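Asks:
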Amino acid sequence: RSRAGDGGRVAMRPIRRVTVVSENMGGVLDEGIRKFATGLLEGFRAHVEASGVATSGGESSHPLVKSVPGSRLYTGRPLRREIESQRPELVVYVPSASATSFAFWRARMLKRYAPGGQVALVATQPRYHTALGRLAASEMAPDKVFAQSRETIRYLEWLGMTPQFLPGGVDLQRFRPVTAEQKAALREELGLPQDEYLVLHVGHLKPGRNVELLTRLGAIGTPVVVAGKSMGQDKELRQRLAESGVILIDRYLRDVEIAYQACDAYLFPVREEDSAMDFPLSVLEAMACNLPVVAFPYGGLPLALESGGGLVFVESDEAMLSAIETVKRIPAATRQKAEPYAWERVAGRFLETMQGARDAETYIRAV
Numbered sequence: 003r004s005r006a007g008d009g010g011r012v013a014m015r016p017i018r019r020v021t022v023v024s025e026n027m028g029g030v031l032d033e034g035i036r037k038f039a040t041g042l043l044e045g046f047r048a049h050v051e052a053s054g055v056a057t058s059g060g061e062s063s064h065p066l067v068k069s070v071p072g073s074r075l076y077t078g079r080p081l082r083r084e085i086e087s088q089r090p091e092l093v094v095y096v097p098s099a100s101a102t103s104f105a106f107w108r109a110r111m112l113k114r115y116a117p118g119g120q121v122a123l124v125a126t127q128p129r130y131h132t133a134l135g136r137l138a139a140s141e142m143a144p145d146k147v148f149a150q151s152r153e154t155i156r157y158l159e160w161l162g163m164t165p166q167f168l169p170g171g172v173d174l175q176r177f178r179p180v181t182a183e184q185k186a187a188l189r190e191e192l193g194l195p196q197d198e199y200l201v202l203h204v205g206h207l208k209p210g211r212n213v214e215l216l217t218r219l220g221a222i223g224t225p226v227v228v229a230g231k232s233m234g235q236d237k238e239l240r241q242r243l244a245e246s247g248v249i250l251i252d253r254y255l256r257d258v259e260i261a262y263q264a265c266d267a268y269l270f271p272v273r274e275e276d277s278a279m280d281f282p283l284s285v286l287e288a289m290a291c292n293l294p295v296v297a298f299p300y301g302g303l304p305l306a307l308e309s310g311g312g313l314v315f316v317e318s319d320e321a322m323l324s325a326i327e328t329v330k331r332i333p334a335a336t337r338q339k340a341e342p343y344a345w346e347r348v349a350g351r352f353l354e355t356m357q358g359a360r361d362a363e364t365y366i367r368a369v
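For the sequence shown, the tail end lands on 369 under the working numbering, and the numbers increase by one without skipping.
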């Protein structure tokens, strides 16, 4: 048979039961990997019987997710009993820490708990290993490994695997355009100015994410709104943004879509590897709301999305600032670009890959 993790081309029987496992799922969707795992689970639900298992402890409020405490190595009996009781034909593991050596070990344990089933691991960020870790990861690779950027794909190939490209997804029912009247009402609700062209960024306020660039937009007369978690912020960075006039929404927004719907454009200034997920979900969320988006070609974004129609990839801070002025003058058609990445379509292509119907390249701009 083909080597573990190599994306073998033998057609598999149809998959009917899927279990998605992650350290954090459901609950407050204020973190990218948690949102990714939960969105993928909901996408699977459109095709097959699907359920989720959260292993970090604490109760999950999501109806599809059961919280089952698991040890660091996934060797505990409660997790084993839960996986065995679900009898999954496919276990999808989305590790919160991405593809560490420990993650490959956990995937091996999940394979043991699902005899006869397949196990896939999703690497949402690059992770590099020691010599011993590289050997362990290669030997413990699951049936399939998915990655979200060309850099991560190349590294996993160097380890002897054949990873598949997997884009992010978006809930098109939740993230959608609104009328001018609805936008005005949302601005009033959020305390935002009514008659300004507002540029939005959603994400953590941490060094390395290039959010300092946002202060320069305010200086040239373009108001900026930042919606981010109140916890885990860099206090000095937050203070600099506030002093420059950036409007900060740092409380948890359960309905984060209203931040996109209240603004006019979206900016993704992150450039440094590992400063965000390889496929930032906020870019798709903004596009689903039909906002023009200006972004660096970060991670896997350029593998799945092409510039045009209100999506602009830039290569420098100066180009990003000038592109914001450009998108003010052109109509956006970004929702059309986001529609192929509805979670149910991403999950459907995932299942096709696991059943031997697709390979890595068919994911790249093939929707």
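The beta-carbon is built from N, C-alpha and C at its ideal position, and this holds for glycine as well. None of these values were measured; they are calculated from a predicted model.
1. So the beta strand (DSSP E) residue 68 belongs to, where does it begin and stop?
2. How would you write the range of the beta strand (DSSP E) that residue 24 sits in, first residue to last?
3. So, is residue 332 buried or exposed, given that buried needs 16 or more other C-beta atoms within 10 angstroms?
4. Any idea which residues DSSP pairs residue 73 with across the strands?
5. Assuming residue 1 is part of the alpha helix (DSSP H), what are its boundary residues?
6. Report the option in 284, 316 and 312 whose CA atom is closest to the CA atom of residue 343.
7. Could you tell me whether the segment 66 to 86 touches the segment 15 to 30, where touching means 3 or more Cβ pairs closer than 8 angstroms?
8. Can you give the Cα-Cα distance for residue 84 and residue 55, rounded to whole angstroms?
9. Grab the span of the alpha helix (DSSP H) containing residue 222 for me, first residue to last.
10. Across which residues does DSSP place residue 52 in a beta bridge pair?
11. For residue 368, which residues in the same chain have their Cβ closer than 7 angstroms to its Cβ, ignoring the five residues on either side in sequence?
12. Give every residue of the same chain whose Cβ lies closer than 6 angstroms to the Cβ of residue 19, excluding the five residues on either side of it in the sequence, and list them in chain order.
13. Between the beta-carbon of residue 103 and the beta-carbon of residue 126, is there less than 8 angstroms?
14. Less than 8 angstroms between the C-beta atoms of residue 254 and residue 293, yes or no?
15. Please tell me whether, using a cut-off of 7 angstroms, the distance from the CB of residue 211 to the nearest non-hydrogen atom of the ligand MG is below it.
16. Take every Cβ of the segment 158 to 167, pair it with every Cβ of the segment 313 to 321, and state whether three or more of those distances are shorter than 8 angstroms.
17. On the DSSP bridge list, what partners appear for residue 95?
18. Since residue 210 and residue 246 are thought to touch, with beta carbons under 8 angstroms apart, how far apart are those beta carbons, to the nearest angstrom?
19. Taking just the CA atoms, how far does residue 73 sit from residue 308?
20. Looking only at its chain, what residues have a beta carbon closer than 6 angstroms to the beta carbon of residue 174, apart from the 5 residues adjacent to it on each side?
21. When you compare the CB positions of residue 288 and residue 185, do they come within less than 8 angstroms of one another, or not?
22. For residue 118 and residue 40, I'd like the C-alpha separation in whole angstroms.
23. Smallest Cα separation from residue 243: which of 44, 216 and 204?
24. Enumerate, from N- to C-terminal direction, the unbroken alpha helix (DSSP H) stretches of 4 or more residues contained entirely within the segment 275 to 324.
25. So with Cβ pairs under 8 angstroms, would you call residue 144 a contact of chain C?
26. Confirm, please, whether the CB-CB distance from residue 329 to residue 45 is below 8 angstroms.
27. Just to confirm the assignment, what range does the beta strand (DSSP E) spanning residue 270 have?
Replies: According to the data block:
1. Position 66 of the sequence shown, counted from the start, is the residue given in the question as residue 68. Residues 67 to 69.
2. Reading the sequence shown from its first residue, position 22 is the one you call residue 24. Looking at the DSSP string, the run of the beta strand (DSSP E) that includes residue 24 is 19 to 24.
3. Taking the sequence shown and counting its residues from 1, the one referred to as residue 332 is at position 330. That one is exposed.
4. Working through the sequence shown from its first residue, we reach residue 73 at position 71. Note: residue 73 sits in no beta bridge, so no partner.
5. This structure leaves residue 1 out entirely; the chain is present only between 3 and 369.
6. As a first step, residue 343 is located in the sequence shown; it is residue number 341 there, counting from the start. Nearest of 284, 316 and 312 to residue 343, Cα basis: 284.
7. yes
8. The residue given as residue 84 occupies position 82 in the sequence shown. The residue given as residue 55 occupies position 53 in the sequence shown. Approximately 8 angstroms between the Cα atoms of the pair.
9. Counting from 1 along the sequence shown, the entry for residue 222 is found at position 220. Residue 222 -> no alpha helix (DSSP H), and no H or E assigned at all.
10. Within the sequence shown, residue 52 is the residue found at index 50, counting from 1. Residue 52 pairs with 20.
11. Here residue 368 is taken as the residue at index 366 of the sequence shown, counted from 1. With a pLDDT of 39 at residue 368, under the threshold of 50, the predicted position of this residue should be treated as unreliable, and no value is reported.
12. By one-based count along the sequence shown, residue 19 stands at place 17. Around residue 19: 51, 90 and 91.
13. As a working note, residue 103 is residue 101 in the sequence shown. As a working note, residue 126 is residue 124 in the sequence shown. No.
14. Position 252 of the sequence shown, counted from the first residue, corresponds to residue 254. Position 291 of the sequence shown, counted from the first residue, corresponds to residue 293. It is not a contact, given that the beta carbons lie outside the stated cut-off.
15. Among the components modelled here there is no ligand, and therefore nothing to report on the ligand MG.
16. no
17. To locate residue 95, count along the sequence shown from 1; it is residue 93. 23 and 123, per the DSSP bridge assignment.
18. Here residue 210 refers to the residue found at position 208 of the sequence shown. Here residue 246 refers to the residue found at position 244 of the sequence shown. That pair is no contact at about 19 angstroms.
19. Counting from one through the sequence shown, the residue named residue 308 turns up at place 306. Counting from one through the sequence shown, the residue named residue 73 turns up at place 71. Roughly 42 angstroms separates the two Cα atoms.
20. Numbered from 1 along the sequence shown, position 172 holds the residue referred to as residue 174. These residues qualify, in order along the chain: 290 and 344.
21. Numbered from 1 along the sequence shown, position 286 holds the residue referred to as residue 288. Numbered from 1 along the sequence shown, position 183 holds the residue referred to as residue 185. Result no, Cβ atoms of residue 288 and residue 185 do not sit closer than 8 angstroms.
22. The count along the sequence shown starts at 1 and reaches residue 118 at position 116. The count along the sequence shown starts at 1 and reaches residue 40 at position 38. Residue 118 and residue 40: Cα-Cα distance of roughly 25 angstroms.
23. Numbered from 1 along the sequence shown, position 241 holds the residue referred to as residue 243. Closest option to residue 243, Cα to Cα, is 216.
24. 283 to 290 and 303 to 306
25. The chain inventory of the structure shown lacks chain C, comprising one protein chain alone.
26. Mapped onto the sequence shown, residue 45 falls at position 43. Mapped onto the sequence shown, residue 329 falls at position 327. Contact: no.
27. Here residue 270 refers to the residue found at position 268 when the sequence shown is read from its first residue. Run containing residue 270: 267 to 270, per the beta strand (DSSP E) assignment.
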